[in-house]
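To start, the structure under review is shown below, and the notes come after it.
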Ligand code: 13P
Ligand code: SF4
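Numbering (the working numbering), first residue to last: 982 to 1307.
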């Protein structure tokens, strides 16, 4: 997680993105960036941005950037009156759970997630009936209504630790079948999974990794744990978006292949000019709905504010707080 100051002058911001944004494109971003920086001051707002935001958001208007875990923890410590979630809907809900008294805005309500839509609260209740006494872990990529039905949440950064913290021989882990399979390989706990998948990460193939290695034998391959297990097995490292970023910062490989969303590589490219970031990567259409104009509009109109049924929120918050307390 990186703290970002609110008051940069625009000239000083450009070097942060110059490796991935040409000057002509930067000119088109400047009016929105300027407006957002002003509106943040006027509204007493902060922007939390996920690692998959495009570089002009990530480097130029975000106050906090990070993976899902970092954003959930940061959300709990916000002092500003308004939080703008530059991420997808479940992330905005999590921020609201941690800040029930603050205004939490999502710049585009259509910014969903194929994992979050793969399961509803009744599915969880039915799993509980089928597996009485087995604890249930929900990936944060779920709705508040689903979180309200489970024992604890996890993210890709802490999934195995969360599973093992329960001290149970069997655990239900939902909704990502690939994350569940990847965790199952690293623990003695028996994992019962759900049939959800991330539409971006399920598309990566181990064959692509082998092909790329034959062309670039020195490439270091990093795979997000939402990738299929054979892809993770073919990689050199697997971890959350923040863990991938930390790995690159520490090892500084000559070439890196990040098997994850495309903006991730773009965002860390500026910090590591000596590293060549290889493609392929995948675009998340939901994350890409969050743009500078959408953030500006959210702050101008103060919409759309996240609302969660208080009864649901109390139970969902418990599951998130159990995770952040670990
Ligand atoms: P991280 O928790 O690793 O940031 O992942 C969130 C996500 O949506 C990945 O697709
Ligand atoms: Fe959901 Fe996948 Fe997009 Fe992440 S990348 S928000 S898991 S669809």
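Beta carbons: idealized from backbone N, C-alpha and C, even for Gly.
No heavy atom of the ligand 13P is found nearer than 7 Å to the CB of residue 1139.
When distances are taken from the beta-carbon of residue 1182 to the heavy atoms of the ligand SF4, the shortest one is below 7 Å.
Annotation: residue 1171 to residue 1160 spans about 14 Å, alpha carbon to alpha carbon. Cβ atoms of residue 1075 and residue 1121 come within 8 Å of each other, at about 6 Å. The distance from the Cβ of residue 1240 to that of residue 1202 is about 7 Å, consistent with a contact at the 8 Å cut-off. Using a C-beta cut-off of 8 Å, the stretch 1093–1111 makes no contact with the stretch 1275–1292, since fewer than three inter-stretch Cβ pairs fall below that distance.
In the DSSP assignment, residue 1152 forms a beta bridge with 1172. In this model, residue 1252 and residue 992 are separated by some 18 Å (Cα to Cα). Look at residue 1118 here: in three-state DSSP terms it is strand.
Comparing C-alpha distances from residue 1053 to each of 1079, 1063, 1042 shows the shortest one belongs to 1079. Taking residue 1096 as the centre and dropping the five residues before and after it, the same chain places the C-beta of 1122, 1156, 1157, 1177, 1179 closer than 6 Å to its C-beta, in chain order. The C-alpha of residue 1220 lies about 7 Å from the C-alpha of residue 1204. Less than 8 Å separates the beta-carbon of residue 1247 from that of residue 1001. Between residue 1302 and residue 1020 a beta carbon distance of about 31 Å is seen, past the 8 Å cut, so the two are scored as non-contacting. Looking at the DSSP output, residue 1202 sits in a beta bridge with 1238. Counting C-beta pairs closer than 8 Å gives fewer than three between the stretch 1210–1225 and the stretch 1005–1022, which falls short of the contact rule. Annotation for residue 1087: 1066, 1070, 1073, 1285, 1287 place their beta carbon closer than 7 Å to its own, counting only its chain and skipping 5 residues before and after. Partner residues in the beta bridge of residue 1047, as assigned by DSSP, are 1031. For residue 1086, the secondary structure class from DSSP, reduced to helix, strand or coil, is strand. Under the three-state reduction of DSSP, residue 1195 is assigned to helix.
Beta-bridge partners of residue 1184 (DSSP): none assigned. Straight-line spacing of the CA atoms in residue 1300 and residue 1037 works out to 33 Å. According to DSSP, residue 1219 shares a beta bridge with 1204. Under DSSP, residue 1263 shares a beta bridge with 1242.
Residue 1133 sits in a strand when the DSSP states are folded into three classes. At a cut-off of 7 Å, the beta-carbon of residue 1207 counts as near the ligand SF4: some heavy atom of the ligand is closer than that. Shortest Cα-Cα distance from residue 1307 to any of 1098, 1023, 1139 involves 1139.
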